[in-house]
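Engineer:
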Ligand SMILES: [Zn+2]
């Protein structure tokens, strides 16, 4: 099969792009391209918007046998047992709080609302965007916010020029087809000096480098973009942002993963070793998730 010429890197816009491999999974076969300059990768040709919509309609269903109250109970219980979403949300919101004085916060793809809740707790006035009606019902219960029922529509973007002081996309950008247009839309909605916080799986992490083509985050058509730190930073600086801070965060439910080890002493030692490894990776910014904070210049 003749392959389409691969366009410039969608992250850093370098022309040194090349076909990498074809990812096959239950949903289809997806050619993956990679940039020799920044190391980022992406699905190309891009799936159509229709194909993506059909995928989420089919596979991204919430448990149908649960009422909203029962699902809310389950969400709260999971978060009490393994409070990763709360910890992540509080950390990112706290960083936004130190980087901007303004009070208007936009949570794009708010999920169950943990980031919105953290932003409310930090004193922000919060607007949440969430396409899933079930998730919006959970957000309402968690925060009393009424989330807007979409992602970034042109109408919403045009109605909010310079309207926000902080915008958060947590585990969202890796799903989006036109990342350059999205960054421009977000820039247009930020006030002068406002802060954009992007959290994505880190394609340049130590674990990703070891796994290569088997990286668990290469999961099209759900994930269609795989960003390195250089790639994500250049995507932003190339579109009028200045990088304020970049962190990596490694979070694995170590205790849950190790719960099968029968001897407590062994379990504790393994947990200490794993946590020490994650700390070392994050100290060198080679951890599992990339958090980039960028200021609208
Ligand atoms: Zn690149």
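Residue numbers (this note's numbering): 8 to 304. Quick reminder that beta carbons are idealized off the backbone N, C-alpha and C, glycines included.
Looking at the structure shown, is residue 147 part of a helix, part of a strand, or coil, going by DSSP?
Structural biologist: Numbered from its first residue, the chain shown carries residue 147 at position 140. It is helical.
Engineer: Exposed or buried, which one is residue 85 when buried takes at least 16 other CB atoms within 10 Å?
Structural biologist: Reading the chain shown from its first residue, position 78 is the one you call residue 85. Classification for residue 85: exposed.
Engineer: Less than 6 Å between C-beta atoms, sequence neighbours within five positions excluded: which residues of the same chain meet that for residue 149?
Structural biologist: Position 142 of the chain shown, counted from the start, is the residue given in the question as residue 149. So the qualifying residues of the chain are 120, 124.
Engineer: Just reading off the alpha helix (DSSP H) that residue 241 is part of, what are its end residues?
Structural biologist: As a position in the chain shown, residue 241 is number 234, starting the count at 1. Start and end: 236-244.
Engineer: For the stretch 103-116 against the stretch 168-186, are there 3 or more C-beta pairs whose distance is under 8 Å?
Structural biologist: Yes, the stretch 103-116 is in contact with the stretch 168-186.
Engineer: Using CA coordinates, which residue listed in 26, 34, 42, 14 is at the minimum distance from residue 239?
Structural biologist: Mapped onto the chain shown, residue 239 falls at position 232. Taking only the C-alpha atoms, the option nearest residue 239 is 42.
Engineer: Could you tell me if the beta carbon of residue 245 falls within a distance shorter than 7 Å of some heavy atom in ligand 1?
Structural biologist: Looking up residue 245 in the chain shown gives position 238. Not under cutoff, so the answer is no.
Engineer: With a floor of 3 residues, list each beta strand (DSSP E) that falls wholly inside the stretch 109-192, ordered by position along the chain.
Structural biologist: Those beta strand (DSSP E) runs which fall completely within the stretch 109-192 and span 3+ residues are 111-115, 132-136, 171-177.
Engineer: Tell me the start and end of each unbroken alpha helix (DSSP H) in the stretch 253-280 that is at least 4 residues and wholly inside, in chain order.
Structural biologist: Those alpha helix (DSSP H) runs which fall completely within the stretch 253-280 and span 4+ residues are 261-265.
Engineer: Which term fits residue 137, buried or exposed, when burial requires 16 or more other beta carbons within 10 angstroms of its beta carbon?
Structural biologist: Along the chain shown, one-based indexing puts residue 137 at 130. Buried, because 16 or more other Cβ atoms sit within 10 Å of the Cβ of residue 137.
Engineer: Kindly indicate the opening and closing residues of the alpha helix (DSSP H) around residue 96.
Structural biologist: What you label residue 96 is simply residue 89 of the chain shown in a count that begins at 1. Residue 96 -> alpha helix (DSSP H) spans 91-106.
Engineer: Where DSSP assigns a beta bridge to residue 208, which residues make up the other side?
Structural biologist: Reading the chain shown from its first residue, position 201 is the one you call residue 208. Its beta-bridge partners are 296.
Engineer: Let me check understanding here. Comparing Cα to Cα, which of 258, 304, 276 lies closest to residue 246?
Structural biologist: Working through the chain shown from its first residue, we reach residue 246 at position 239. Ranking 258, 304, 276 by Cα distance to residue 246 puts 304 first.
Engineer: For residue 18 and residue 176, which I take to be in contact (beta-carbon distance under 8 Å), what is that distance rounded to the nearest angstrom?
Structural biologist: For the purposes of this step, residue 18 is taken as the residue at position 11 of the chain shown. For the purposes of this step, residue 176 is taken as the residue at position 169 of the chain shown. With 8 Å as the limit, residue 18 and residue 176 do not qualify as a contact, their Cβ atoms being about 15 Å apart.
Engineer: Along the alpha helix (DSSP H) that carries residue 82, what are the first and last residues, could you check?
Structural biologist: In the chain shown, residue 82 corresponds to position 75, counting from 1. Per DSSP, residue 82 belongs to the alpha helix (DSSP H) from 75-88.
Engineer: If we count Cβ pairs, one from each stretch, closer than 8 Å, do we get three or more for the stretch 290-302 versus the stretch 250-260?
Structural biologist: Result yes; three or more Cβ-Cβ pairs closer than 8 Å.
Engineer: If I measure Cβ to Cβ from residue 107 and keep anything under 8 Å in the same chain, skipping five residues before and after, which residues do I get?
Structural biologist: As a working mapping, residue 107 is identified with position 100 in the chain shown. Excluding positions up to five away in sequence, the list reads 172, 173, 200, 201, 202.
Engineer: Kindly examine ligand 1 and report whether one of its heavy atoms sits closer than 7 Å to the Cβ of residue 238.
Structural biologist: What you label residue 238 is simply residue 231 of the chain shown in a count that begins at 1. Yes - ligand 1 has a heavy atom lying nearer than 7 Å to the Cβ of residue 238.
Engineer: Beta carbon of residue 59, beta carbon of residue 228: below 8 Å?
Structural biologist: Position 52 of the chain shown holds residue 59. Position 221 of the chain shown holds residue 228. In contact: residue 59 and residue 228 (Cβ atoms closer than 8 Å).
Engineer: Apply the 10 Å Cβ neighbour rule to residue 66 and answer buried if 16 or more other Cβ atoms are within range, or exposed otherwise.
Structural biologist: By one-based count along the chain shown, residue 66 stands at place 59. Per the 10 Å Cβ criterion, exposed.
Engineer: Does the Cβ of residue 287 have 16 or more other Cβ atoms within 10 Å, making it buried, or fewer, making it exposed?
Structural biologist: For the purposes of this step, residue 287 is identified with residue 280 of the chain shown, where counting begins at 1. Classification for residue 287: exposed.
Engineer: Do you know whose CA, among 204, 263, 230, 301, lies nearest residue 99's CA?
Structural biologist: By one-based count along the chain shown, residue 99 stands at place 92. Cα-wise, what sits closest to residue 99 is 204.
Engineer: Is residue 44 near ligand 1, going by C-beta to nearest heavy atom under 7 Å?
Structural biologist: Position 37 of the chain shown, counted from the start, is the residue given in the question as residue 44. The answer is yes for residue 44.
Engineer: Suppose you measure from the CA of residue 105 to the CA of residue 33; what does that come to, to the nearest Å?
Structural biologist: In the chain shown, counting from the first residue as 1, residue 105 sits at position 98. In the chain shown, counting from the first residue as 1, residue 33 sits at position 26. Between residue 105 and residue 33, the C-alpha separation is close to 43 Å.
Engineer: Just verifying my parser: in three-state terms, what is the DSSP assignment at residue 63?
Structural biologist: Position 56 of the chain shown, counted from the start, is the residue given in the question as residue 63. Of the three classes helix, strand and coil, the one that applies to residue 63 here is helix, per DSSP.
Engineer: Take every Cβ of the stretch 127-141, pair it with every Cβ of the stretch 155-167, and state whether three or more of those distances are shorter than 8 Å.
Structural biologist: A contact exists between the stretch 127-141 and the stretch 155-167.
Engineer: For the beta strand (DSSP E) containing residue 40, list its first residue and its last residue.
Structural biologist: Sequence index remark: in the chain shown, residue 40 carries index 33 (1-based). Unbroken beta strand (DSSP E) run through residue 40: 35-42.
Engineer: Flag residue 16 as yes when its Cβ comes closer than 7 Å to any non-hydrogen atom of ligand 1, and as no otherwise.
Structural biologist: As a working note, residue 16 is residue 9 in the chain shown. Yes; taking the cut-off as 7 Å, the Cβ of residue 16 has a heavy atom of ligand 1 nearer than that.
Engineer: Quick check on the DSSP output: the alpha helix (DSSP H) that includes residue 313 runs from which residue to which?
Structural biologist: Residue 313 is absent from the structure shown; the chain starts at 8 and stops at 304.
Engineer: Check whether the Cβ of residue 40 lies closer than 7 Å to any heavy atom of ligand 1, and answer yes or no.
Structural biologist: Stepping through the chain shown from its first residue, residue 40 is reached at position 33. It does not: the Cβ of residue 40 is nowhere closer than 7 Å to a heavy atom of ligand 1.
Engineer: Work out the CA separation of residue 168 and residue 109 for me, nearest whole Å.
Structural biologist: Counting from one through the chain shown, the residue named residue 109 turns up at place 102. Counting from one through the chain shown, the residue named residue 168 turns up at place 161. For residue 109 and residue 168, the distance between alpha carbons rounds to 15 Å.
Engineer: Within 7 Å: the Cβ of residue 286 and any heavy atom of ligand 2?
Structural biologist: Looking at this structure, you won't find ligand 2 anywhere; what it does contain is ligand 1.
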